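Colleague: Just so you know, we're using the working numbering here: the sequence shown kicks off at 142 and counts up by one. Idealized CB from N, CA, C, for every residue including glycine. Values in this document were obtained by computation on a predicted structure and should not be read as measured data. For reference, the structure I am asking about is given below.
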Amino acid sequence: MWHDNETTVDYVNFRLVAKACAELVRDAGGEPISIGISGGWGMGKSSLVRMVASELSLDQDSSKKADGPGGTRYIVVTFNPWLYQGFEDARTALLQTVGDAVLKEAEKDAGLFEKAKSLVKRINLLRLAQLGGETAATIITGVPVGLIGKVVESGTEAFRNKSVQEGHAAVQEAQTATKGLLNEAQPISLPKEIQSFRDALEELLDDLGITLVVFVDDLDRCLPKTAISTLEAIRLLLFLRRSAFVIAADDVFIRGAVRVHFAGTGLDDDIATNYFDKLIQVPLRVPRLGPNETKAYTALLFLERAHRNGQLDAENFDSAKSSVETRLRETWTGKSVDLTFLESLAPQGSSELLGLMGLAERLAPLLFSASTVQANPRLVKRFLNTVFLRKTLAKPQNIDVDVQVLAKWHLLERCDESIAN
Numbered sequence: 142m143w144h145d146n147e148t149t150v151d152y153v154n155f156r157l158v159a160k161a162c163a164e165l166v167r168d169a170g171g172e173p174i175s176i177g178i179s180g181g182w183g184m185g186k187s188s189l190v191r192m193v194a195s196e197l198s199l200d201q202d203s204s205k206k207a208d209g210p211g212g213t214r215y216i217v218v219t220f221n222p223w224l225y226q227g228f229e230d231a232r233t234a235l236l237q238t239v240g241d242a243v244l245k246e247a248e249k250d251a252g253l254f255e256k257a258k259s260l261v262k263r264i265n266l267l268r269l270a271q272l273g274g275e276t277a278a279t280i281i282t283g284v285p286v287g288l289i290g291k292v293v294e295s296g297t298e299a300f301r302n303k304s305v306q307e308g309h310a311a312v313q314e315a316q317t318a319t320k321g322l323l324n325e326a327q328p329i330s331l332p333k334e335i336q337s338f339r340d341a342l343e344e345l346l347d348d349l350g351i352t353l354v355v356f357v358d359d360l361d362r363c364l365p366k367t368a369i370s371t372l373e374a375i376r377l378l379l380f381l382r383r384s385a386f387v388i389a390a391d392d393v394f395i396r397g398a399v400r401v402h403f404a405g406t407g408l409d410d411d412i413a414t415n416y417f418d419k420l421i422q423v424p425l426r427v428p429r430l431g432p433n434e435t436k437a438y439t440a441l442l443f444l445e446r447a448h449r450n451g452q453l454d455a456e457n458f459d460s461a462k463s464s465v466e467t468r469l470r471e472t473w474t475g476k477s478v479d480l481t482f483l484e485s486l487a488p489q490g491s492s493e494l495l496g497l498m499g500l501a502e503r504l505a506p507l508l509f510s511a512s513t514v515q516a517n518p519r520l521v522k523r524f525l526n527t528v529f530l531r532k533t534l535a536k537p538q539n540i541d542v543d544v545q546v547l548a549k550w551h552l553l554e555r556c557d558e559s560i561a562n
């Protein structure tokens with residue numbers, strides 16, 4: 142069986158796209174940049190994001206500090222808003238994730254560590270503002286209205302009803318809610334605090350000589366409210382020197398989330414599109430697999446399974462991956478992933494693997510053209526998982542089923558269930 146997790150192992154020549162994306166971050170020379178990786182469900186956005194992060198990690202050199210805005214040291218932060226959905230506000234979660242990463246990096250320098258702690262305190266103030274209500278512009282007393290205001294109001298009501306125990310409990314709850322966020326009540330301007338946070342972060346990144354690279358993934362798995370909340374948090378951090386954002390999301394979903402967020406305002410599709418475009422400087426679409434890539438991908442999945450099962454040693458498997466990578470880079474010259482090439486990937490003494498290479502050559506064009514699959518990497522894996530699951534179920538019953546026959550039958554089911562039935 143094949144898992145559906147993101148990976149840095151490249152079967153379809155995505156590494157070239159990842160290298161180009163990483164090069165954009167390098168070429169920015171410390172100037173702010175935002176890159177949008179767009180693509181439909183299952184197209185490989187998360188894997189591409191991991192490959193970009195892997196490329197940037199090759200630039201890391203912990204033995205020296207970068208000087209100037211073109212430094213090559215990075216703080217790489219990966220943020221998945223879907224994990225926080227329903228548990229914590231995505232805005233504060235993103236800011237806290239960034240703050241924690243910068244704080245950890247600054248531990249090596251006592252002076253910068255104090256600056257980093259001050260930055261985290263500013264994040265706490267912004268968290269407090271969020272507790273006080275999303276539309277709050279200022280916090281006059283140091284205790285915001287909204288959630289904590291309701292706690293205080295409940296305490297007042299409790300005292301009004303002469304319930305000392307209830308009143309005391311309400312006050313304790315208010316103290317707990319504000320603990321660690323404000324040391325003392327003082328007038329605070331939220332817009333000023335946001336700008337101070339941006340200035341402090343920019344200055345700290347410059348002092349550290351590093352570029353903050355934030356990867357935002359699984360945005361299109363979130364509910365519209367969480368997706369928009371995350372984009373609003375990103376907006377707070379965008380366009381700071383020494384910052385880069387790589388945002389992976391289905392742009393069609395984002396447009397839908399914007400329409401839901403602004404429902405009833407009469408926004409047209411152009412405005413919904415512009416909302417996302419204003420956050421993204423460089424749009425990058427995950428390429429759809431072509432016929433050659435689909436053949437190579439299917440064949441390597443078969444070889445991966447054989448490697449896990451001990452039918453193919455690591456040396457031959459690595460050699461096959463390298464050969465596929467080279468061939469896919471050369472397809473523009475007229476070279477193709479044909480049966481002869483696929484059979485060269487398998488040990489010549491293994492009739493089973495040679496048969497699977499033949500199956501990949503015949504099956505891949507159908508997976509490419511079928512409207513229900515369209516060479517979607519996730520759907521290709523699901524397709525093959527179903528085929529081999531059926532073979533596994535047949536084995537205890539002493540039913541000898543040919544994988545090639547099962548694959549053809551399942552493809553018929555996938556494309557036209559009425560005919561299969």
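#1: Between the alpha carbons of A535 and V544, how many angstroms are there, rounded?
#2: Run through DSSP, which three-state label would R383 get?
#3: Could you tell me how far apart the beta carbons of A505 and C556 are, in whole angstroms, since I believe they sit closer than 8 Å?
#4: State yes or no: is the C-beta of L453 within less than 8 Å of the C-beta of L500?
#5: Three-state secondary structure (DSSP) at A163?
#6: Quick check on P537: does DSSP put it in helix, strand or coil?
#7: Once DSSP output is grouped into helix, strand and coil, what is the label at F356?
#8: To which residues does DSSP link I174 through a beta bridge?
#9: Just verifying my parser: in three-state terms, what is the DSSP assignment at P424?
#10: For T439 versus V355, is the C-beta spacing smaller than 8 Å?
#11: How close, in whole Å, do the beta carbons of K256 and A247 come, if the pair is a contact with beta carbons under 8 Å?
#12: So is I540 buried or exposed if we call it buried at 16+ other beta carbons inside 10 Å?
#13: In three-state terms, what does DSSP make of S259?
#14: Counting pairs of Cβ atoms below 8 Å between the region 212-222 and the region 412-424, do you hit three or more?
#15: Are A169 and E196 closer than 8 Å when you measure CB to CB?
#16: Anyone know if the C-beta pair for V427 and I176 falls short of 8 Å?
#17: Near H448, which residues of its chain fall below 6 Å by C-beta distance, leaving aside the five closest residues on each side in sequence?
#18: Count the CB pairs spanning the region 227-234 and the region 369-381 that are closer than 8 Å, and state whether there are at least three.
#19: Would the beta-carbon of A389 fall within 8 Å of that of L353?
#20: Among the candidates K532, L530 and N433, whose CA atom is the shortest distance from the CA of L483?
#21: Go to V239, then tell me how far its alpha helix (DSSP H) extends in each direction, as first and last residue.
#22: Please report the residue range of the alpha helix (DSSP H) in which I375 lies.
#23: Whose C-alpha, out of L486, T481, W473 and L442, is nearest the C-alpha of S463?
#24: Take E147 and list the residues in its own chain whose beta-carbon comes closer than 6 Å to its own, dropping the five residues that flank it on each side.
#25: Give me the residue from A341, T513, E471 and W473 with the minimum Cα distance to R263.
#26: So, using beta-carbon positions, are E343 and R396 closer together than 8 Å?
#27: Where do the N-terminal and C-terminal ends of the alpha helix (DSSP H) with V401 fall, by residue?
#28: In this structure, does DSSP put T219 in helix, strand or coil?
#29: Go through the region 468-494 residue by residue and report every complete run of the alpha helix (DSSP H) that reaches 4 residues or more, in order.
#30: Where G496 and E502 are concerned, what is the direct C-alpha to C-alpha distance, given to the nearest angstrom?
Modeller: Once the coordinates are examined:
#1: Each residue's Cα considered, the two are about 11 Å apart.
#2: Residue state, collapsed to three classes: coil.
#3: The beta-carbon distance between A505 and C556, rounded to whole angstroms, is 15 Å. This is too long to meet the 8 Å contact definition.
#4: Against a cut-off of 8 Å, the Cβ pair of L500 and L453 comes out as no contact.
#5: If DSSP states are grouped into helix, strand and coil, A163 belongs with the helices.
#6: Correct three-state label for P537: helix.
#7: Under the three-state reduction of DSSP output, F356 falls in the strand class.
#8: In the DSSP output, where bridge partners are listed per residue, I174 has A385.
#9: Three-state result, P424: strand.
#10: By the CB criterion at 8 Å, T439 and V355 fall outside the cutoff.
#11: Rounded, the Cβ-Cβ distance is 7 Å, consistent with contact.
#12: Exposed.
#13: If DSSP states are grouped into helix, strand and coil, S259 belongs with the helices.
#14: Contact fails: fewer than three Cβ-Cβ distances are below 8 Å.
#15: It is not a contact, given that the beta carbons lie outside the stated cut-off.
#16: No.
#17: The residues F458, in chain order, have a CB closer than 6 Å to that of H448 in the same chain once the five nearest residues on each side in sequence are set aside.
#18: Touching, yes, given that three or more Cβ pairs across the two stretches are closer than 8 Å.
#19: Their beta carbons are not under 8 Å apart, which means A389 does not touch L353 by this criterion.
#20: Across the set K532, L530 and N433, the C-alpha of N433 shows the shortest separation from the C-alpha of L483.
#21: DSSP places V239 inside the alpha helix (DSSP H), whose first and last residues are A231 to A247.
#22: Counting along the chain, the alpha helix (DSSP H) containing I375 begins and ends at P365 to L378.
#23: Nearest option by C-alpha distance: L486.
#24: Answer for E147: S187, S188 and R191, listed in chain order.
#25: Of the listed residues, the one whose Cα sits closest to R263 is A341.
#26: No, these two residues do not count as a Cβ contact at 8 Å.
#27: Its alpha helix (DSSP H) spans residues D392 to H402.
#28: Strand.
#29: Here the runs fully enclosed are 480-486.
#30: So the alpha carbons of these two residues sit roughly 10 Å apart.
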